[in-house]
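Using UniProt numbering, the letters of the sequence shown map in sequence onto residues 1 to 285. Note that beta-carbon positions come from the ideal geometry of N, C-alpha and C, so glycine has one too.
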Amino acid sequence: MSLQPFELQVAGVRVAGLRRPGEGPRVLALHGWLDNAASFVPLAPHLPHLDLVAIDLPGHGHSAHLPIGAVYTTPAAITHVLDVADALGWDRFTLIGHSMGAGIASLAAAVSDRIERLVAIEALGGLRGPEEETASRLREHVDATRALARKQLRVFPDLAAPIRARMMTNQLSEGCARLLVERGVEPVEGGYRWCSDPRLMLPTAIRLSEGQIDNLLQAITCPTQVIYATPAQSYYPEPMRSERLQHLRDGRLAVFPGNHHLHMEHPARIAAVIDAFLSENANAR
Numbered sequence: 001m002s003l004q005p006f007e008l009q010v011a012g013v014r015v016a017g018l019r020r021p022g023e024g025p026r027v028l029a030l031h032g033w034l035d036n037a038a039s040f041v042p043l044a045p046h047l048p049h050l051d052l053v054a055i056d057l058p059g060h061g062h063s064a065h066l067p068i069g070a071v072y073t074t075p076a077a078i079t080h081v082l083d084v085a086d087a088l089g090w091d092r093f094t095l096i097g098h099s100m101g102a103g104i105a106s107l108a109a110a111v112s113d114r115i116e117r118l119v120a121i122e123a124l125g126g127l128r129g130p131e132e133e134t135a136s137r138l139r140e141h142v143d144a145t146r147a148l149a150r151k152q153l154r155v156f157p158d159l160a161a162p163i164r165a166r167m168m169t170n171q172l173s174e175g176c177a178r179l180l181v182e183r184g185v186e187p188v189e190g191g192y193r194w195c196s197d198p199r200l201m202l203p204t205a206i207r208l209s210e211g212q213i214d215n216l217l218q219a220i221t222c223p224t225q226v227i228y229a230t231p232a233q234s235y236y237p238e239p240m241r242s243e244r245l246q247h248l249r250d251g252r253l254a255v256f257p258g259n260h261h262l263h264m265e266h267p268a269r270i271a272a273v274i275d276a277f278l279s280e281n282a283n284a285r
């Protein structure tokens, strides 16, 4: 069975996603920044036994935007993930995250013992913020927030331009870019526009330092599988990204040639790593 659309009400807010029930482990999948649940469509057929739920995080895809005055933060995202698990009736579960979703998932595993296993693709612990950039980053966030109301959303006459933009920005094949774009736009007069919340484009006000991230990674007790593409992204470079694994109590690493969305472009290869990891830990219990 393929992934099917679903909706939940979580704390009075609409959460949309894709789900495929299964007899295997309960897995909640979290996509990257400005992506959506379609990020896991290529991977799903290669993991047919999983009870797999891929959500659109708040402000992304078909999920509701946060109310006016609310702010998109990692602590709020972690709380949201646990609220979604409550709505699904899941006590314990596995988290799979890509990019921003992997950052959220790894920090959720640091603060909640409900996470049985963690698969982090192309991120672990989130992006750092050097202390000397704290004031300039906060200033940039405040200025951008105040200017946001004056910005007009672009309308595309068809999907060709947004698909081309995603292909160029993320080095995606046309098929993978189309999956993300079709779930990431909404029809309006004159064509289509991105349906993601414009506030997601704001610069992050405050980021954790590397020492704070290290402390959080040391708090992760569940088995963890990290998957990286090579070459590394410029904002998440070597050797920093691999050095973070030394803080995990039970971690392992797989590295493959590919781009940032390697789970979409090479789903069979990535699914094999995930399947072996979940099977290994299921047998160890």
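Excluding the 5 residues preceding and the 5 following Gly-126 in the sequence, name in chain order all residues of the same chain whose CB lies nearer than 7 Å to its CB. In the sequence shown, the residue the question calls residue 126 occupies position 126. Leaving aside the five residues that flank Gly-126 on each side, the residues in its chain whose CB is nearer than 7 Å to its CB run, in chain order, Thr-74, Gly-103, Leu-107, Leu-208, Ile-213.
Taking the CB atoms as reference points, tell me whether Met-100 and Ala-123 lie closer together than 8 Å. Residue 100 sits at position 100 when you count from the first residue of the sequence shown. Residue 123 sits at position 123 when you count from the first residue of the sequence shown. Less than 8 Å separates the beta-carbon of Met-100 from that of Ala-123.
State yes or no: is the C-beta of Leu-88 within less than 8 Å of the C-beta of Ser-112? Along the sequence shown, read from residue 1 onward, the residue named residue 88 stands at position 88. Along the sequence shown, read from residue 1 onward, the residue named residue 112 stands at position 112. Leu-88 is not a Cβ neighbour of Ser-112, given a cutoff of 8 Å.
Go ahead and pull the three-state DSSP assignment for Ala-205. The residue given as residue 205 occupies position 205 in the sequence shown. Residue state for Ala-205 is assigned as coil, using DSSP reduced to three classes.
Under the three-state reduction of DSSP, which class applies to Gly-24: helix, strand or coil? Translated into the one-based positions of the sequence shown, residue 24 becomes position 24. Looking at Gly-24 - three-state DSSP - the assignment turns out to be coil, as it is neither helix nor strand.
Using a 10 Å radius around the Cβ and a threshold of 16 neighbouring Cβ atoms, would you call Ala-276 buried or exposed? By one-based count along the sequence shown, residue 276 stands at place 276. The Cβ neighbour count for Ala-276, taken over all protein chains shown within 10 Å, is under 16; the residue is labelled exposed.
Comparing alpha-carbon positions, which option in Leu-3, Ala-135, Pro-198, Gly-24 lies nearest Thr-16? Against the sequence shown, residue 16 aligns to sequence position 16. Going by the sequence as given, residue 16 is Ala instead of Thr. Nearest neighbour of Ala-16 by Cα position, chosen from Leu-3, Ala-135, Pro-198, Gly-24, turns out to be Leu-3.
If we call anything under 8 Å between Cβ atoms a contact, is Val-155 one with Gly-191? Taking the first residue of the sequence shown as position 1, residue 155 is located at position 155. Taking the first residue of the sequence shown as position 1, residue 191 is located at position 191. By the CB criterion at 8 Å, Val-155 and Gly-191 fall inside the cutoff.
If you follow the beta strand (DSSP E) that Glu-116 is part of, which residue opens it and which one closes it? In the sequence shown, the residue the question calls residue 116 occupies position 116. For Glu-116, the enclosing beta strand (DSSP E) stretches over residues 115–121.
Out of Leu-57, Gly-61, Ser-136, which has the shortest C-alpha to C-alpha gap to Tyr-72? Start at 1 with the first residue of the sequence shown, and residue 72 comes out as number 72. Nearest option by C-alpha distance: Leu-57.
Since residue 290 contacts Cys-222 with CB under 8 Å, what's their CB separation in whole angstroms? Not covered by the structure: residue 290. The range shown for the chain is 1 to 285.
For Glu-182, the three-state DSSP class (helix, strand or coil): Stepping through the sequence shown from its first residue, residue 182 is reached at position 182. When DSSP states are grouped into helix, strand and coil, Glu-182 belongs to the helix group.
Contained beta strand (DSSP E) runs [length at least 3] in the segment 38–67, N- to C-terminal order: Taking only runs of at least 3 residues, the beta strand (DSSP E) segments lying wholly in the segment 38–67 are 51–55.
Are there three or more Cβ pairs, one per stretch, closer than 8 Å when the segment 237–253 is compared with the segment 157–170? The segment 237–253 and the segment 157–170 do not touch, with fewer than 3 CB-CB distances between them shorter than 8 Å.
Pro-267 versus Arg-137 - alpha carbon distance: By 1-based counting over the sequence shown, the position of residue 267 is 267. By 1-based counting over the sequence shown, the position of residue 137 is 137. CA-to-CA, the gap between Pro-267 and Arg-137 works out to about 36 Å.
Compare the Cα-Cα distances from Ala-205 to each of Pro-42, Glu-140, Ser-63, Asp-158 and report the closest residue. As a first step, residue 205 must be located in the sequence shown, where it is residue number 205. Answer by Cα proximity: Glu-140.
Could you spell out the range, first to last residue, of the beta strand (DSSP E) harbouring Gln-225? In the sequence shown, residue 225 corresponds to position 225, counting from 1. Going by DSSP, Gln-225 is part of the beta strand (DSSP E) stretching over 224–230.
By DSSP, does Arg-285 sit in helix, in strand, or in coil? Along the sequence shown, one-based indexing puts residue 285 at 285. Reliability fails at Arg-285, whose pLDDT of 47 lies under 50, so the model's placement of it is uncertain and the value that follows must be treated cautiously. For Arg-285, the secondary structure class from DSSP, reduced to helix, strand or coil, is coil.
Endpoints, the beta strand (DSSP E) within which Leu-253 is located: Here residue 253 corresponds to residue number 253 of the sequence shown, with the count starting at 1. Counting along the chain, the beta strand (DSSP E) containing Leu-253 begins and ends at 251–257.
Put Arg-14 into one of helix, strand or coil per three-state DSSP. By 1-based counting over the sequence shown, the position of residue 14 is 14. Arg-14 falls in the strand class under three-state DSSP.
Counting pairs of beta carbons, one from the segment 144–151 and one from the segment 240–258, are three or more of them closer than 8 Å? Segments in contact, no.
Name the DSSP beta bridge partners of Val-188, please? Here residue 188 is taken as the residue at index 188 of the sequence shown, counted from 1. Looking at the DSSP output, Val-188 bridges to Gly-191.
Can you tell me whether Ile-274 is helix, strand or coil according to DSSP? Indexing the sequence shown from 1 puts residue 274 at position 274. Three-state result, Ile-274: helix.
Check whether the Cβ atoms of Ala-120 and Thr-224 sit closer than 8 Å, and answer yes or no. As a position in the sequence shown, residue 120 is number 120, starting the count at 1. As a position in the sequence shown, residue 224 is number 224, starting the count at 1. Yes.
Gly-32 (DSSP reduced to helix, strand or coil): In the sequence shown, the residue the question calls residue 32 occupies position 32. Coil, per DSSP.
Give the secondary structure of Pro-267 by DSSP, where H, G and I count as helix, E and B as strand, and everything else as coil. Against the sequence shown, residue 267 aligns to sequence position 267. Helix.
Quick one: grab the DSSP three-state call for Ile-104. Stepping through the sequence shown from its first residue, residue 104 is reached at position 104. Note: Ile-104 maps to helix in three-state DSSP.
CB of Leu-50 within 8 Å of CB of Ala-37, strictly: Mapped onto the sequence shown, residue 50 falls at position 50. Mapped onto the sequence shown, residue 37 falls at position 37. For Leu-50 and Ala-37, no; Cβs fall outside 8 Å.
Take the Cβ of Val-41 as the centre, count every other Cβ of all protein chains shown within 10 Å, and call the residue buried at 16 or more, exposed below. Residue numbering aside, residue 41 sits at position 41 when the sequence shown is read from its first letter. With 16 or more other Cβ atoms from the protein chains shown falling within 10 Å of its own Cβ, Val-41 counts as buried.
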